[in-house]
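Working notes, beginning with the structure itself.
In the working numbering, the protein residues as written are 5 to 307.
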């Protein structure tokens, strides 16, 4: 029973906990000993899972890269350094979003193939079980990796907004949030509201305006990337919904079985304790009876 359930259900360490939580490794093709007679479709399936494993690793590495670029952007002083950081960020976002889109297409195709095999009954039950287990585990780990990447982008965006606000307030200490937002969104240095917010004819002010504009373009790219990844989360949630419900039901049954076993153990302990208590009482009662008999005998035989 345990061995079969372990084939069907990924452990909690494999499934991963989010929350702030820690990323976990999924059971992937490289961790599964393939049978020499494995079907062609299964060999292709394992190859796809291995590709997804590489994508997950890549997304994690790019998350670290975004965090590094964030630190550089916050500390950058020279315009050239800020421009280089923006270009690096754009490259990372483009590459990761492309890889994630490809991974999503692969996951969709894997699910469609598994559904087709199940519908046509052309694959053994054990093979379908492995497919569903690995598909859900892989999808969960992919989502966890992308979610961490999305969070890194969100943090980057917030840091850029904070730095822009500091730069604007350095020039105009009493600038309101509305004025700061207007400067960030303005694409025209000669716009009317620029004159209302900043002092014309000041080179430092002009440079501040251009720096803030560059940061706002980074913010826009980050927001666009975050929206795309959010849509991907929704699509993937639909893909795993059916299998997730099935595995949830199995897990519920397993948990209920464990609860019943634990409850049975507790009842057994209570029964053993009660039996021990009864034996103790019987023993005490027997001693009392013996004492009474001895007393009676002594009284009777006493001259």
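Backbone N, C-alpha and C define an ideal beta-carbon position, used for all residues, glycine too.
Counting beta carbon pairs with one atom in the stretch 71–86 and one in the stretch 136–145, are three or more of them shorter than 8 Å?
no
Spatially closest choice to residue 154 from 120, 44, 95 and 64, by CA coordinates
Here residue 154 corresponds to residue number 150 of the chain shown, with the count starting at 1. Closest option to residue 154, Cα to Cα, is 64.
Proximity to residue 99 [Cα-Cα], best of 113, 66 and 124:
Taking the chain shown and counting its residues from 1, the one referred to as residue 99 is at position 95. Checked all of 113, 66 and 124; the closest Cα to residue 99 is 66.
Closest by CA to residue 92, which one among 125, 44, 174 and 226?
As a working mapping, residue 92 is identified with position 88 in the chain shown. Measuring from the Cα of residue 92, the nearest candidate turns out to be 226.
I need the boundaries of the alpha helix (DSSP H) containing residue 127, first residue and last residue.
Here residue 127 is taken as the residue at index 123 of the chain shown, counted from 1. No alpha helix (DSSP H) contains residue 127, which DSSP labels as neither H nor E.
State the DSSP-derived secondary structure class of residue 75, mapped to helix, strand or coil.
Here residue 75 corresponds to residue number 71 of the chain shown, with the count starting at 1. Three-state DSSP puts residue 75 in a helix.
For residue 60, count the other beta carbons within 10 Å of its own beta carbon; 16 or more makes it buried, fewer makes it exposed. Which is it?
Here residue 60 corresponds to residue number 56 of the chain shown, with the count starting at 1. Counting Cβ neighbours within 10 Å, residue 60 comes out buried, since at least 16 surround it.
Is it buried or exposed for residue 127, if we count other Cβ within 10 angstroms and need 16 for buried?
Here residue 127 refers to the residue found at position 123 of the chain shown. Residue 127 is buried by the Cβ-count criterion.
On a Cα-Cα basis, can you pick out the residue from 295, 107, 283 and 79 that is closest to residue 170?
Translated into positions along the chain shown, residue 170 becomes position 166. For the residues 295, 107, 283 and 79, the minimum Cα distance to residue 170 belongs to 79.
By how many angstroms is the C-alpha of residue 77 removed from the C-alpha of residue 87?
Here the question's residue 87 lines up with position 83 in the chain shown. Here the question's residue 77 lines up with position 73 in the chain shown. The alpha-carbon atoms of residue 87 and residue 77 are separated by roughly 9 Å.
Straight-line Cα distance separating residue 44 from residue 158:
For this step, residue 158 is matched to residue 154 along the chain shown. For this step, residue 44 is matched to residue 40 along the chain shown. Spanning the two alpha carbons is a distance of roughly 42 Å.
For residue 81, does the three-state DSSP call read helix, strand or coil?
Counted from its first residue, the chain shown places residue 81 at position 77. Coil, per DSSP.
Would you please state the rounded distance, in angstroms, between the beta carbons of residue 97 and residue 229? I believe it to be under 8 Å.
If you number the chain shown from 1, residue 97 lands on position 93. If you number the chain shown from 1, residue 229 lands on position 225. Indeed they touch by this definition, with Cβ atoms about 5 Å apart.
Whole-angstrom distance between residue 150 and residue 48, CA atom to CA atom:
For the purposes of this step, residue 48 is taken as residue 44 along the chain shown, with counting starting at 1. For the purposes of this step, residue 150 is taken as residue 146 along the chain shown, with counting starting at 1. Here the alpha carbons of residue 150 and residue 48 stand approximately 24 Å from one another.
For residue 109, count neighbouring C-beta atoms within 10 Å of its own C-beta (all shown protein chains included) and say buried if the count is 16 or more, exposed if not.
Residue mapping note: residue 109 aligns to position 105 of the chain shown, counting from 1. With fewer than 16 Cβ atoms within 10 Å of its Cβ, residue 109 is classed as exposed.
With a 10 Å radius around its C-beta and 16 neighbouring C-beta atoms as the bar for buried, classify residue 81 as buried or exposed.
As a working note, residue 81 is residue 77 in the chain shown. Answer is exposed; the Cβ neighbour count stays below 16.
Reduced DSSP category for residue 180 - H, G, I as helix; E, B as strand; rest coil:
For this step, residue 180 is matched to residue 176 along the chain shown. Reduced to three states, the DSSP call for residue 180 is coil.
Contact under 8 Å by Cβ, residue 53 with residue 142:
The count along the chain shown starts at 1 and reaches residue 53 at position 49. The count along the chain shown starts at 1 and reaches residue 142 at position 138. Cβ distance < 8 Å, so residue 53 and residue 142 count as in contact.
Mind checking residue 134: buried by the 16 CB within 10 Å criterion, or exposed?
If you number the chain shown from 1, residue 134 lands on position 130. Per the 10 Å Cβ criterion, buried.
To the nearest angstrom, report how far apart residue 68 and residue 148 are at their CA atoms.
As a position in the chain shown, residue 68 is number 64, starting the count at 1. As a position in the chain shown, residue 148 is number 144, starting the count at 1. The straight-line gap from Cα to Cα measures roughly 14 Å.
Note down the Cα distance separating residue 295 from residue 289, rounded to an integer number of angstroms.
The count along the chain shown starts at 1 and reaches residue 295 at position 291. The count along the chain shown starts at 1 and reaches residue 289 at position 285. Approximately 10 Å, taken between the alpha carbons.
Three-state secondary structure assigned by DSSP to residue 43:
One-based indexing of the chain shown puts residue 43 at position 39. Residue state, collapsed to three classes: coil.
Own chain, CB closer than 6 Å to residue 132, minus 5 neighbours either side, in chain order:
Counted from its first residue, the chain shown places residue 132 at position 128. Within the same chain, residue 132 has close Cβ partners 122.
Do you know offhand how far residue 58's Cα is from residue 129's?
Residue mapping note: residue 58 aligns to position 54 of the chain shown, counting from 1. Residue mapping note: residue 129 aligns to position 125 of the chain shown, counting from 1. Using only the alpha carbons, I get a separation of about 28 Å.
To the nearest angstrom, how far is the alpha carbon of residue 55 from that of residue 174?
Against the chain shown, residue 55 aligns to sequence position 51. Against the chain shown, residue 174 aligns to sequence position 170. Each residue's Cα considered, the two are about 49 Å apart.
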